[in-house]
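This report refers to the structure that appears directly beneath it.
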Amino acid sequence: RFRAEHGISRFHGEWAYCRSVAGIALDRRLRFGAGGGAGDIGWFVGGVRTVRGQIAGTQDGDAFWLARAEVGTKQGVFRPVGFFDVGSAGSRNAFGKLKPQRGTGIGIGVLDGLIRVDFSRGLYPLKQWRTDFYLSAAL
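Just so we're aligned, residue 1251 is where the sequence shown starts under the working numbering, counting upward by one.
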């Protein structure tokens, strides 16, 4: 699946590949974006929705990229998952020169992801353990 959107001064997109093999679910995603003029909100990387194990908004700027991979079970009320995230945000002029953030960990989803707990380890720049609890639901 590929999706891209653009506005007057911003562009972002996402590529996702989900596959199930022998009861194991594989999910890989790549997101990217650029743009933003004066008064626009920048792109933020770090935290539960981007690089788990890092504090939300550890990096920000007018361009970003993000890659995430998850492996978990496909069925059951309780679904364990392992994950690895890497991404970076900053100035378009310095794009590719910043060392990307990284985080990895394990989590468990309950009731098809309605409730989720992640135990993550930041690998760079912050080397720390985090526990995140969140609620989400498919609409």
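Ideal placement from N, C-alpha and C gives every residue a C-beta, glycine not left out.
Sequence-distant partners of residue 1297 (beyond 5 residues in either direction) whose C-beta falls short of 8 angstroms from its own C-beta, in its chain, are 1304, 1305, 1306, 1307 and 1308. Nearest C-alpha to residue 1282 among 1293, 1373, 1370 and 1319: 1293. Spatial neighbours of residue 1324 in its own chain (CB-CB distance under 6 angstroms, excluding positions within 5 residues in sequence) are listed in chain order as 1270, 1273 and 1275. In this structure, the CA atom of residue 1375 is about 11 angstroms from the CA atom of residue 1348. One thing to note: residue 1278 has its Cβ no nearer than 8 angstroms to the Cβ of residue 1264.
Contact between residue 1367 and residue 1351 fails: their C-beta atoms lie close to 21 angstroms from each other, not under 8 angstroms. Beta-carbon to beta-carbon, residue 1302 and residue 1386 are separated by about 14 angstroms, too far to satisfy the 8 angstroms threshold.
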